[in-house]
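These notes concern the structure reproduced below.
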Amino acid sequence: MWKANAPANIALIKYMGKNETCNKKNIPLNTSISYILPKYLSFVEVSLYEGDSDLFVNNSQLSTTLYSNFSNNEISRFLQHAQFLKEHFEFEKNFSIKSWNNFPTGIGIASSASSFAALTKTIVAAIVDLKNEPYPSNEYLSQLSRVASGSSCRSFFQPWSIWTPDKAEKLDIPIKDLITSVIIIDKTQKKISSSQAHKLVRTSLLFENRPQRANFRAIQLIDALKNSNWQAAYKIAWQEFMDMHALFHTSDSPFFYITPKSWQILSEVQKFWEDNNDGPIITMDAGPAIHLLWRSDQSQLLTKFNPT
Ligand code: PMV
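In this note's numbering, the protein residues as written are -6 to 301.
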C-alpha cells in the first residue's frame, strides 16, 4: 500500500484563463503566486487491485473530521488522472484508490489542488516502486499533476510557489510562517466551477490585457514581499482578486461569487487597515470565502479583528 498527502494553496496572483493554443493541458496565460495552506490536506491511499480497471473506493462516512464523499464527476477525474499517470509510466496493472480531505469541500478552499497533488504523489510512488525506478523530483510531479488540475502544480512547493507558463517552482520569499485563515461565507456548492470560469472570462472585454496586468502584479508582489513592504503586498493582492472578480462580473453571461456578506467583511478589513495602519493580506478565490494571511508577528493584532 502507498500513501501520501498534499496541502491546498491560495493564490495571491491568480491563474485565470488558459492558453487554448497550446497542445499541453492547463497551461496558464500568466504567472501566478500562491501560499500553502498547511492545515488543509488531502490524503490518498492506493493498493494494487486485481480487477479489470482501476477502482475508486468512495467512503462517505469516514469520520466527523475527515471528508470523502466525492461526486461521480470528481471520481471520474481521479480515475482519468490515474489512467494518465499509468500511461505516462507505461504501467499496466490496476489500482484501488481511496482519498479523503481533512476539510469539507464547498467552503471556499479548492480541494482539487490538494487532491490531485496527493493523487499524483501516491500513484507515482506506487508505479516507480513496482518498476524499481527512482522517485521523480517535485518539479516533475508538479508538471504531471498540472494536467489534472492547473492550480495543483503549486501545491508541491512550500510555503511560496510561483507558476509561470513553463513550470511551477518554490519562490524564495523571506516572509514565511504566515498565519492563514478562511472566513467561510456560504457553504452551498458554487454554481460556476473554476473550469467554467476559465472559459467564461475570455468573453469579458477586460480579458484582453489580463495576462499583462497579472504578470506585472506578480513582479510587484515579489518586490513588495522581498522588501518586507506588507502594505504594498496587501494592496497588490486586493487589486488582483478584484481584477479576477471584475472579469467574472463582465463575462457574457456575468456570474458572481461575492455576496453581500463578503462585501461587508471586505469593508471591515479595509477599515481595520485604516484604523491600525497594518492588517492582513486578503484574497478571494472563485467563491465567496475570504482568505486572510497574517504575519507571525501580528498574532496580537489579529485578535483585534472580529468580523461581524
Ligand atoms: O486549478 P483550477 O482549474 O481549479 O483553477 C483555479 C483557479 C483559481 O482558484 C480561481 C485561482 C488560482 O490561481 O488558484
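Beta carbons: idealized from backbone N, C-alpha and C, even for Gly.
Assign residue i to one of three DSSP states: helix, strand, or coil.
i, result
"Leu218", "helix"
"Lys32", "strand"
"Pro167", "coil"
"Thr113", "helix"
"Ile328", "There is no way to answer for residue 328, as the model of the chain reaches only from -6 to 301."
"Thr173", "strand"
"Thr296", "helix"
"Asn16", "coil"
"Ala225", "helix"
"Phe82", "coil"
"Ile68", "helix"
"Ala103", "coil"
Looking at C-alpha atoms only, which residue of the options is the closest neighbour of residue i?
i, options, result
"Asp122", "Ser40, Ile185, Thr181", "Ser40"
"Ile116", "Phe88, Arg139, Thr98", "Phe88"
"Ala211", "Phe77, Gln189, Asn23, Gly10", "Asn23"
"Lys(-4)", "Ile90, Phe209, Asn208", "Ile90"
"Gly272", "Phe150, Val194, Gln291", "Gln291"
"Ile166", "Phe150, Val175, Lys160", "Phe150"
"Leu199", "Lys183, Ile229, His238", "His238"
"Ile323", "Lys192, Ile251, Gln189, Ser187", "Since the first residue shown for the chain is -6 and the last is 301, residue 323 is missing from the structure and cannot be characterised."
"Ser186", "Gln136, Thr276, Ala103", "Ala103"
"Cys146", "Leu112, Asn125, Asp179, Ala118", "Leu112"
"Ala207", "Gly10, Tyr133, Asn94", "Gly10"
"Ala106", "Pro127, Phe71, Pro129", "Phe71"
"Leu48", "Pro21, Gln76, Asn270, Phe248", "Gln76"
"Thr276", "Ser61, Ser255, Glu267", "Ser255"
"Glu267", "Ile215, Tyr227, Thr181, Ala279", "Tyr227"
"Asn270", "Leu240, Leu34, Thr173, Gln224", "Gln224"
Tell me residue i's beta-bridge partners as DSSP assigns them.
i, result
"Leu48", "Ser89"
"Val37", "Ala(-3), Ser92"
"Asn2", "Ile29"
"Lys11", "Pro21"
"Ile274", "Leu286"
"Tyr42", "Asn87"
"Tyr60", "Asn94"
With a threshold of 9 Å between beta-carbons, can residue i be considered close to chain D, or not?
i, result
"Ile90", "Given the protein chain composition of this structure (a single chain), no chain D is represented."
Requested in this report: Taking only runs that begin and end inside the region 245 to 271, name each unbroken alpha helix (DSSP H) of 4 or more residues, in chain order.
Outcome: 253 to 269
**Report entry** Minimum length 3: unbroken beta strand (DSSP E) runs contained in the region 105 to 164
**Finding:** 153 to 156, 161 to 163
Requested in this report: With a floor of 4 residues, list each alpha helix (DSSP H) that falls wholly inside the region 173 to 212, ordered by position along the chain.
Outcome: 187 to 193
Query raised in the report: Does the region 151 to 171 come close enough to the region 275 to 291 that 3 or more CB-CB pairs lie under 8 Å?
Result: yes
Query raised in the report: Do three or more CB pairs link the region 72 to 86 to the region 229 to 236 at distances below 8 Å?
Result: no
Query raised in the report: Within the chosen definition, does the region 25 to 40 reach the region 1 to 8 through at least 3 CB pairs nearer than 8 Å?
Result: yes
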